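Peer 1: The listed protein sequences derive, respectively, from chains A and B. Under the numbering used here, think of the first position of the first sequence as 195, with each following residue one higher. Under the numbering used here, think of the first position of the second sequence as 184, with each following residue one higher. Note that the Cβ used here is the ideal one computed from N, Cα and C, for glycine as well. Keep in mind it's a predicted model, so treat the numbers as computed, not measured.
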Amino acid sequence: MHDIHVIDPVSRIEGHAKITLHLDGEGQVEDARFHITEFRGFEEFCRGRLLAEMPGLTARTCGICPVSHLLASAKATEQVMAVRIPPAATRLRRMANLGQIVQSHSLSFFHLSAPDLLLGMESDPARRNVFGLMQAEPDVVRQGIGLRRYGQEVIAAVTGQRIHGTGIVAGGVAEPLTTDARDTLRAGLDEALAAARNTLELSFGLLDRFAEELETFGTFPSMYLAHGRPDGLWEHYDGTLTVIDADGGVIAAGLDPADYREVLGEAASSDSYLKVPYWKAALRDDDPRTAMYRVGPLARINIAERFGTPLADAGLAALRERVGRIASSSFLYHHARVLEVLAGLELIGELLDHPEITDTHVRAHAEPNLRRGVGASEAPRGTLFHDYEVDANGVVTGVNLVIATGQNELAMNRTIRDIAARYVTGPELTDGMLNRIEAGIRSYDPCLSCSTHALGQMPMVVELVDQEGVTIDERRRT
Amino acid sequence: MSPREPRATVPVTIDGQEVDAVEGETILSLARRVGVPIPTLCYLDGLSVHGGCRLCSVEVDGDPRLRLACATPVWQDMDIRTSTWDLQEHRRRIIELLFAEGNHICATCVSSGACELQDLAATNRVDHIHYELSYADEGVDASHPKYVLDRDRCVKCTRCVRVCAEVEGASVWEIAERGGGSRLVAEMDVPWGEASSCTWCGKCVLVCPTGALSFKGRGVGEMRHDAEVVAFLSRARNEGEWVNRTDEEVPS
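See below:
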């Protein structure tokens, strides 16, 4: 008999989704699919709008990482305008993106995943959430909330607001950083750094406790894609793309993000609103799974030789001593996030100390000079592309957004399949199985609102369907 | 011109307050002078009275009709009520209809934070639209090198029409068609960039109460209007009174 399990809705991730588990005649998991069940159509309704509106408009795709969209969008508009932005604007944007990485990763680690990681996958589901965690580990939660708040304060200082600020605009940033804002951020940095160091220690300890998950949560060879630098330093905002293979061998380096269409394909799927990007050169038999690559924190720490900051580099070296040069388990996305939080804070400190961080020349002005522009940057979840075409009047005629979560879709399917193959052994779904599958997905911190440009919170549904397509079991969680 | 004679005053009651009104002045002028707030949208100091938006409607004791404060001169012993529950409801309905007719998404609008329609919604406590939205989709006219017209954000107040005709003397703008199908057009409905009578002065953009007319290249929330420029020009022109505005906050 061929069965399909479906988990619908999946909880504690950003968005709505459903999982189906296909069983073979022996009751063993044969395949798994992660379906994005909502549709928003941002690419469609951006058409006909003005180029200068695009950063503010596309930022509304997501309330978790609006800064990432602001950055990729502003960079795309600047490609169309053919301008270079003032150095102070670049510094402020880098700082905002680091703030975004700090706050988003803190949300993912503490609010969404720590309940599984600290209370245990098998613990009472009624208490396995941030509130239960607050009772069990109040100091940990307090540090998490503090880290997230600090990241948001950095964002607010640059963009005007913690969420959906509009200060990142075509041509630079709208307002310079005030000395007051700089001093306030500087004053709060040490406490944030201390919290990040504690968190790194905590996270490293978890690698022993979850040795089994480390082996089963998406431990497979894949390619990795992220921004890279010739000097090997970790990069999150600018420059060119690097792609490496499962062993760290460089497949491509120095790729201009504007040429993404030449190297990345996008496969549409009949059962998900998420388009699946793949690495064209590796495609075999028209099966995108053969050309899978991962993006995000794991890809970034695999591609970078080092962060270039002392604390994070020490943490990265310790991780490599433990798992090798390439971290291939998706469970390590969590640890990669914690490393990036620490590096982010260290780099924010460097930027705050830059003598020209409060320079008032922060914007370049220009009219649309070219008909197409591509902007890319590293969102917390991975590489984000905005691609715009405009007419002679500066009205947008075409939009393509390539989102981090979409690029991780194939890896998420593979992770679910591996976890299900290990834990799902019969026609019934147990809580333990569901929790592990959910936790496996959560390690990617998928943001479905961005990737489908869909909306809302994400409950989980898992269905088990037999060979004829009949659902034989279904578990639903809201 | 001979020195002006002081005009006679007439006793009037406004919201229970007995005041002396200047004979011939409008209810709106009186209300503003004595500090009684009456919401307006199409009215603008320095331009002719249009009386189109109906937001300034007030009740006059003994008069079965609502009166437009912007267009009704006071009369002796007039008893005016400006903010009864009925009037507040009436204004909320008008504001909701304006929102429903256009495509007013503040979150992505250039004028957010400096929009008179947004302010009206806030001050009149409009937080829901009870009418079916029209999802207007006329699109933008970005053919002008400096300015943009987004008709879906136009409330047809005709400020731009009047300022262009009355102050700049160019008469680029006109309202075409009727009722719900009416729309702002440049000249004989040509793309703005092809309107040869346009002098690029930008007064229409400065007086627009919403994000319908804006400077090209402005992002979300970056548009700042300056409708008071018309009162300044009008005062300067009619009374020969030129003052230095450089000390004032003038949006660029």
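Chain A partners of B/Ser379, CB-CB under 7 angstroms?
Peer 2: The premise fails here: B/Ser379 is roughly 18 angstroms from chain A at the closest Cβ pair, so nothing lies under 7 angstroms.
Peer 1: Grab me the residues of B/Glu206's own chain with a C-beta within less than 7 angstroms of its C-beta, minus the 5 sequence neighbours each way, in chain order.
Peer 2: Hits under 7 angstroms: Arg190, Ala191, Thr192, Val193.
Peer 1: Applying a beta-carbon distance threshold of less than 9 angstroms, which residues of chain C neighbour B/Glu405?
Peer 2: Note that chain C does not occur in the displayed structure, where the protein chains are A and B.
Peer 1: What in chain B is Cβ-close to A/Gly242, meaning under 9 angstroms?
Peer 2: Neighbours of A/Gly242 on chain B, chain order: Asp320, Gly322, Val323.
Peer 1: Taking 8 angstroms as the limit between beta carbons, can you name the residues of its chain near B/Ser240, skipping five residues before and five after?
Peer 2: Here the set comprises Leu249, Arg250, Leu251, Ala252, Leu270, His273, Arg274.
Peer 1: Using the beta-carbon of each residue, which ones in chain B are nearer than 9 angstroms to A/Glu561?
Peer 2: Correct list: Pro328, Lys399, Gly400.
Peer 1: Apart from the five residues on each side of it in sequence, which residues of its chain come closer than 7 angstroms, Cβ to Cβ, to A/Gly448?
Peer 2: Counting only Cβ-Cβ distances below 7 angstroms, and skipping sequence neighbours, we find Thr434.
Peer 1: State the Cα-Cα distance for the pair A/Met417 and A/Thr484, rounded to the nearest angstrom.
Peer 2: Each residue's alpha carbon lies about 10 angstroms from the other.
Peer 1: What residues in the stretch 329-359 of chain B bring their beta carbon closer than 7 angstroms to a beta carbon of chain A?
Peer 2: Result list: Val331.
Peer 1: According to DSSP, is A/His421 part of a helix, a strand, or is it coil?
Peer 2: Looking at A/His421 - three-state DSSP - the assignment turns out to be strand.
Peer 1: So, is B/Met371 buried or exposed, given that buried needs 16 or more other C-beta atoms within 10 angstroms?
Peer 2: Burial call: exposed.
Peer 1: Can you name the residues of chain A whose CB is closer than 9 angstroms to the CB of B/Val436?
Peer 2: Because chain B spans 184 through 435 in this model, residue 436 of chain B falls outside it and cannot be assessed.
Peer 1: Quick one: using the 10 Å Cβ neighbour count with 16 as the cut-off for buried, is B/Trp268 buried or exposed?
Peer 2: It is exposed - the Cβ of B/Trp268 has fewer than 16 other Cβ atoms within 10 Å.
Peer 1: Along chain B, which residues have their Cβ under 7 angstroms away from the Cβ of A/Arg254?
Peer 2: Within 7 angstroms Cβ-Cβ: Ala290, Thr291.
Peer 1: Please say whether B/Thr306 and B/Ile263 have beta carbons closer to each other than 9 angstroms?
Peer 2: Result no, Cβ atoms of B/Ile263 and B/Thr306 do not sit closer than 9 angstroms.
Peer 1: Restricting to Cα atoms, I'd like to know which of A/Gly345, A/Leu244, A/Arg608 is closest to A/Val261.
Peer 2: Comparing Cα positions, the closest option is A/Gly345.
Peer 1: So, are the CB atoms of A/Glu685 and A/Thr591 less than 9 angstroms apart?
Peer 2: Nothing about residue 685 of chain A can be reported from this structure: the residues present for chain A run from 195 to 672 only.
Peer 1: Identify every residue that forms a DSSP beta bridge with B/Gln200.
Peer 2: The partner list for B/Gln200 (beta bridge, DSSP) reads B/Ile197.
Peer 1: Report, in whole angstroms, the separation of the C-beta atoms of A/Ala226 and A/Asn607, which I expect to be a contact under 8 angstroms.
Peer 2: With a Cβ gap of about 6 angstroms, A/Ala226 and A/Asn607 count as contacting.
Peer 1: Relative to the C-alpha of A/Asn323, which candidate in A/Val656, A/Gly538, A/Ala633, A/Cys259 has its C-alpha closest?
Peer 2: Checking every option, the nearest Cα to that of A/Asn323 belongs to A/Ala633.
Peer 1: Alpha carbons only, please: which of A/Glu238, A/Leu286, A/Met315, A/Lys474 is nearest the one belonging to A/Asp432?
Peer 2: Nearest of A/Glu238, A/Leu286, A/Met315, A/Lys474 to A/Asp432, Cα basis: A/Leu286.
Peer 1: Strictly under 9 angstroms for the Cβ-Cβ distance: is B/Gly229 near chain A by that measure?
Peer 2: Cβ-Cβ to chain A under 9 angstroms: no for B/Gly229.
Peer 1: Any idea what DSSP makes of A/Lys212, helix, strand or coil?
Peer 2: In the structure shown, A/Lys212 sits in a strand (DSSP, three-state: E or B).
Peer 1: Where do the ends of the alpha helix (DSSP H) carrying A/Tyr454 lie?
Peer 2: Where A/Tyr454 is concerned, the enclosing alpha helix (DSSP H) stretches over 454-457.
Peer 1: For chain B, find out if any of its Cβ atoms is closer than 9 angstroms to the Cβ of A/Gly588; answer yes or no.
Peer 2: Answer yes: the Cβ-Cβ gap between A/Gly588 and chain B drops below 9 angstroms somewhere.
Peer 1: Could you have a look at A/Gly250 and say whether DSSP puts it in helix, strand or coil?
Peer 2: Looking at A/Gly250 - three-state DSSP - the assignment turns out to be helix.
Peer 1: Helix, strand or coil: which one does DSSP assign to B/Val355?
Peer 2: B/Val355 falls in the coil class under three-state DSSP.
Peer 1: Looking at the secondary structure, which residues open and close the beta strand (DSSP E) in which B/Glu321 lies?
Peer 2: Looking at the DSSP string, B/Glu321 is not in any beta strand (DSSP E), and its letter there is neither H nor E.
Peer 1: Can you list, in chain order, the stretches of the alpha helix (DSSP H) that have 4 or more residues and sit fully within the stretch 374-432 of chain A?
Peer 2: Taking only runs of at least 4 residues, the alpha helix (DSSP H) segments lying wholly in the stretch 374-432 of chain A are 405-410.
Peer 1: Identify the continuous beta strand (DSSP E) that holds B/Thr341 and give its terminal residues.
Peer 2: Segment: none, B/Thr341 is in no beta strand (DSSP E) and carries neither H nor E.
Peer 1: From the DSSP secondary-structure annotation, give me the bridge partner or partners of A/Ala485.
Peer 2: DSSP, once it has assigned bridges, lists no residue as partnering A/Ala485.
Peer 1: I'd like to know if the stretch 512-523 of chain A and the stretch 256-272 of chain A are in contact, where contact means that at least 3 CB-CB pairs between them fall below 8 angstroms.
Peer 2: No: the two stretches stay apart, fewer than three of their Cβ pairs being nearer than 8 angstroms.
Peer 1: If you count every other CB in all the chains shown that lies within 10 Å of the CB of A/Pro332, and 16 or more means buried, which is it?
Peer 2: Under this definition A/Pro332 is an exposed residue.
Peer 1: Closer than 8 angstroms is the cut-off here; do at least three beta carbon pairs connect the stretch 467-477 of chain A with the stretch 506-513 of chain A?
Peer 2: Judged by Cβ distances under 8 angstroms, the stretch 467-477 of chain A makes no contact with the stretch 506-513 of chain A, as fewer than three pairs qualify.
Peer 1: What do you reckon, are the CB atoms on B/Arg418 and B/Ser231 nearer than 9 angstroms?
Peer 2: Cβ distance not < 9 angstroms, so B/Arg418 and B/Ser231 don't count as in contact.
Peer 1: What residue does the alpha helix (DSSP H) around A/Asp660 start on, and which one ends it?
Peer 2: It is not in any alpha helix (DSSP H) - A/Asp660 carries neither H nor E in the DSSP assignment.
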